[in-house]
Amino acid sequence: MLSDKPRSPRMQRTYDALVSHARTLTAERGLSGFTVEELCESVGISRRTFFNYFPTKEDAVIGEHDVGFPEEEKHEFVARGEGDHVGLSPTLLSDIARLVIARARQNDFTRQRHQLFRDILRAEPHLLAKLMAIGESQQRDFVRLVADREHLPLDDPLPKAVVGVTLSLTFQTVDEFFSDDNTCSFEEILKRNIAIAQHFFGQPLDLTDPTGTS
C-alpha cells in the first residue's frame, strides 16, 4: 500500500483511475461482479501494481474516505490557535469552516459523485458499516485536533461539542447542496448555515419554568 507521503503525479493518476473504475464497476455490477484483474486491465496496470495501492477492492472503492486532514493543514490549524487570548482562540470558527470547505474541494463534491456513491451503497450495503467506522475514527481525530489547538485535555467536553455542531452543520449543508433545486455553492450554504447557528446560539438560555410554578 501507499504510504502517507505525497504521491508523484504518475502515481496519483493511477490511484485516481483505480478509484474511479472501481466505483463505476461496483455501482454497475457489485463487488463480486468483477475481479481485481479486470479492474487492473481497465486501468492498464498489473495485479501486483494494484496491491501497491490498495489491499482489497473494497479499499479501492472507498478511496480517500480513509484519509483525514493533511498534516500540513493540521499543523496550520493548530498554529493559528496560538497567541494571547482568554478562552477559545478567536479564529476557531473561521478556521474550522476553512478546513471543512477545503475538504469538500479535495473530495470533488459533485452531484455525479454523490449519485455514484448512492448506487454503490445500494449494490453493496455492507460498505456503509465500513464508511461509518471510518467516519467515527475521523471524528475522534477531529476532536483531538481541536483539543490540541485549544490546549484542552481529550476528555474536556468542549472539543466534542464543537466537532458535533460542526458535523451537524456540515451534513445539513451536504443535503442542501445536493438537492435538486440548489443553485448555491457548498461554501455559500455552509456560511449561511453557520450564520443561522450563530444567531440561534446567541440567544440567552433560561431553563426556569416560564409558568413560575416550580
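Each residue of the sequence shown is one higher than the last, beginning at 57 in our numbering.
Each residue gets a CB set at the ideal place from its N, CA and C atoms; glycine is no exception.
{"Item": "Nonlocal neighbours in the same chain, by C-beta distance under 6 Å from Ile-157, ignoring five residues either side", "Value": "Glu-243"}
{"Item": "Per-residue burial, Val-75 [other beta carbons within 10 Å of its own, 16 or more giving buried]", "Value": "buried"}
{"Item": "Inter-residue Cα distance where the pair is Ile-252 and Leu-223", "Value": "15 Å"}
{"Item": "CB contact flag (Ala-83, Leu-95, <8 Å)", "Value": "no"}
{"Item": "Cβ distance (whole Å) where Leu-225 is taken to contact Asn-249 below 8 Å", "Value": "5 Å"}
{"Item": "Close-in-space but distant-in-sequence residues of the same chain around Leu-246 (CB under 6 Å, 5 per side omitted)", "Value": "Thr-229"}
{"Item": "Status (buried if at least 16 other CB within 10 Å, exposed otherwise) for Asp-231", "Value": "exposed"}
{"Item": "Backbone CA spacing between Arg-69 and Gly-139 [nearest angstrom]", "Value": "41 Å"}
{"Item": "Range covered by the alpha helix (DSSP H) that runs through Val-202", "Value": "183-206"}
{"Item": "Secondary structure of Gln-259, DSSP reduced to three states", "Value": "coil"}
{"Item": "Exposure of Asp-262, with buried meaning 16 or more beta-carbon neighbours within 10 Å", "Value": "exposed"}
{"Item": "Classification of Arg-85 by the beta-carbon crowding that lies within 10 angstroms, buried from 16 upward", "Value": "exposed"}
{"Item": "Inter-residue spacing [alpha-carbon to alpha-carbon] between Arg-205 and Ile-176", "Value": "37 Å"}
{"Item": "Euclidean distance between Cα positions of Val-219 and Phe-198", "Value": "7 Å"}
{"Item": "Reference Phe-256; option with closest CA among Phe-125, Pro-266 and Val-221", "Value": "Val-221"}
{"Item": "Distance between Pro-266 and Arg-161 (C-alpha atoms, nearest Å)", "Value": "46 Å"}
{"Item": "Local conformation of Asp-115 per DSSP, three classes", "Value": "helix"}
{"Item": "Contained alpha helix (DSSP H) runs [length at least 4] in the segment 115-162, N- to C-terminal order", "Value": "127-135 and 148-162"}
{"Item": "Same chain, Cβ closer than 7 Å to Leu-144, five either side skipped, listed in chain order", "Value": "Glu-206"}
{"Item": "Whether Glu-114 touches Leu-81 by CB criterion (8 Å)", "Value": "no"}
{"Item": "DSSP-derived helix/strand/coil call for Asn-249", "Value": "helix"}
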